[in-house]
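J.: Dropping a structure here in C-alpha cells format, bear with me for questions.
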Amino acid sequence: LPRRRRDPKPTHAEEEWAVVRARTHIERIALPEGSQARCCRERSPGLLGSASSAEDNALSALVRELFGVTDVSVETNPKDLRPDILEPLRGAGVTRLSVGVQSFDDRLLKEVDRYAKYGSSDEIRSHLRGAAGMFPTLNIDLIFNQPHQTLASLERDLETVLVSGANQASFYPLMTSHTV
C-alpha cells in the first residue's frame, strides 16, 4: 500500500491505487480465527501485517479509506478474550468479534475436545462478560446436532446466550463425514 506523503501531487503508485479503488468496493473484511490472537500475543506481525499497533491502526485506516471498508470481523476462541488481545483488535478498528463457543454444556465441550483447550462453561461465560461492550458486535458461534446433545442442553445454551453480554449469535449444524 502506498505511504502517505506531504506532496499534493500523487505518485504513480497512488494513481494506481485510485484506479483499483474506483473498481473495487469492499465493505467487510473477515479475518480467520487464531491469526489475530497469535499476532497480538507475538507482537509481530500485527493485525494487518505491520509490526506495531500504531502501524496497525494506520494501515487499517488506509485500507478503510482506499476500499470503503466499514466492517472488520475477527473470529476467535474464548481463551483469547483477554485485554492484551482485545485492546489491539479494538484499536485496529475491529467492529465484529465472533467467538467460537460451540456449547455451554461442559459434557459436550469435553466430548469435542474443547473443555481443556478453551475452558469450562463458567470460564467461557466470564470471558464473554469481560469482552461485552468492547466491540459494536460480539457474536457467539454455537453448534447444534452434536452427539449426545439434548433439547434441554440446547435450550440452556440459548438461555446462556441471552445473558452472556453478546448481541449476536450464529448457529451451525454439526456436519460429519464418514471419510474422516
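By our numbering, the letter at position 19 of the sequence shown is numbered 19, and the numbering carries on one by one without gaps. All C-beta atoms in this analysis are idealised placements derived from N, C-alpha and C, irrespective of residue type, glycine included. On a predicted model such as this, the values are computed, not experimentally measured, just so you know.
1) Can residue 116 and residue 166 be called in contact, C-beta distance under 8 Å?
2) For the candidate residues 145, 88, 62 and 79, whose alpha-carbon lies nearest to that of residue 135?
3) Looking at C-alpha atoms only, which residue of 101, 122, 147 and 154 is the closest neighbour of residue 77?
4) Is it the case that the Cβ atoms of residue 143 and residue 103 are separated by a distance below 8 Å?
5) What are the start and end residues of each continuous alpha helix (DSSP H) run of 4 or more residues lying completely inside the segment 85-157, in chain order?
6) Is it right to say residue 93 is buried, meaning 16 or more other beta carbons lie within 10 angstroms of its own, or is it exposed?
7) What is the DSSP secondary structure of residue 176, counted as helix, strand or coil?
8) Need the endpoints of the beta strand (DSSP E) that residue 70 sits in, please.
9) Suppose you measure from the CA of residue 157 to the CA of residue 105; what does that come to, to the nearest Å?
10) Count the other CB atoms within 10 Å of the CB of residue 162; is the residue buried (16 or more) or exposed (fewer)?
11) When you compare the CB of residue 110 with every CB in chain B, is at least one pair closer than 8 Å?
12) Classify residue 166 as helix, strand or coil using the three-state DSSP reduction.
13) Which residue's Cα is closest to the Cα of residue 68: 128, 173, 84 and 18?
14) Quick check: the Cα distance between residue 79 and residue 16, rounded to an integer number of angstroms?
15) Going by C-alpha to C-alpha distance, which of 174, 164, 107 and 153 sits closest to residue 137?
T.: Checking against the coordinates, here is how it stands:
1) For the purposes of this step, residue 116 is identified with residue 116 of the sequence shown, where counting begins at 1. For the purposes of this step, residue 166 is identified with residue 166 of the sequence shown, where counting begins at 1. No. Outside cutoff.
2) On the sequence shown, position 135 is the one that residue 135 refers to. Per the C-alpha coordinates, the member of 145, 88, 62 and 79 positioned closest to residue 135 is 88.
3) Looking up residue 77 in the sequence shown gives position 77. Residue 77 has its Cα closest to that of 101, out of 101, 122, 147 and 154.
4) As a working note, residue 143 is residue 143 in the sequence shown. As a working note, residue 103 is residue 103 in the sequence shown. Contact flag set, yes.
5) 106-111, 115-118 and 121-131
6) Numbered from 1 along the sequence shown, position 93 holds the residue referred to as residue 93. The residue in question, residue 93, is buried, as its Cβ has 16 or more Cβ neighbours within 10 Å.
7) Residue numbering aside, residue 176 sits at position 176 when the sequence shown is read from its first letter. DSSP places residue 176 in coil when its eight states are reduced to three.
8) As a position in the sequence shown, residue 70 is number 70, starting the count at 1. Element bounds for residue 70: n/a, residue is neither H nor E.
9) The residue you call residue 157 lines up with position 157 of the sequence shown. The residue you call residue 105 lines up with position 105 of the sequence shown. One C-alpha to the other measures close to 7 Å.
10) Translated into the one-based positions of the sequence shown, residue 162 becomes position 162. Answer is exposed; the Cβ neighbour count stays below 16.
11) As a matter of chain content, chain B is missing from the structure shown, which is built from one protein chain.
12) Locating residue 166 in the sequence shown gives position 166, counting from the first residue. Looking at residue 166 - three-state DSSP - the assignment turns out to be coil, as it is neither helix nor strand.
13) Counting from one through the sequence shown, the residue named residue 68 turns up at place 68. That would be 18, whose Cα lies nearest to the Cα of residue 68.
14) For the purposes of this step, residue 79 is taken as the residue at position 79 of the sequence shown. For the purposes of this step, residue 16 is taken as the residue at position 16 of the sequence shown. The alpha-carbon of residue 79 is positioned some 42 Å away from that of residue 16.
15) The sequence position of residue 137 within the sequence shown is 137, counting from 1. Comparing Cα positions, the closest option is 164.
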